């Protein structure tokens with residue numbers, strides 16, 4: 084799974100550089116993305132005896148949500 088993610092990221096970079104990557108830039112609330120990251124990373128942290136916490140935000144950002152999710 085990690086190898087596939089790395090390969091897909093490299094392919095995305097290649098597509099970006101060649102202008103072939105279609106992005107869907109829009110405004111969206113950042114909190115749901117952060118919540119998902121905290122859930123996923125929190126499991127890894129808990130397995131190491133750590134607690135991962137975040138601070139709530141009402142921030143709205145303009146980006147390609149799916150691409151940003153993959154990057155993070």
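Numbering (the working numbering), first residue to last: 84 to 155. By construction, the Cβ of each residue, glycine as well, lies at the ideal position given by its N, Cα and C atoms. If you're wondering where the values come from, they're calculated on a predicted model, not measured in any experiment.
Terminal residues of the beta strand (DSSP E) in which residue i lies
i, result
"residue 109", "108 to 112"
"residue 101", "Note, residue 101: premise wrong, no beta strand (DSSP E); alpha helix (DSSP H) at 85 to 101."
Sequence-distant residues of its chain with Cβ nearer than 6 Å to residue i (five each side left out)
i, result
"residue 147", "106, 107 and 108"
"residue 144", "113"
"residue 111", "148"
Proximity below 7 Å, CB of residue i to CB of residue j
i, j, result
"residue 137", "residue 117", "yes"
"residue 135", "residue 142", "no"
Continuous alpha helix (DSSP H) stretch holding residue i: start and end
i, result
"residue 141", "Neither: residue 141 is in no alpha helix (DSSP H) and is coded neither H nor E."
"residue 104", "Run containing residue 104: none; DSSP gives neither H nor E here."
Own chain partners of residue i with C-beta closer than 8 Å, once the 5 adjacent residues on each side are dropped
i, result
"residue 122", "none"
"residue 85", "none"
Residues bridged to residue i [DSSP beta-bridge criterion]
i, result
"residue 147", "108"
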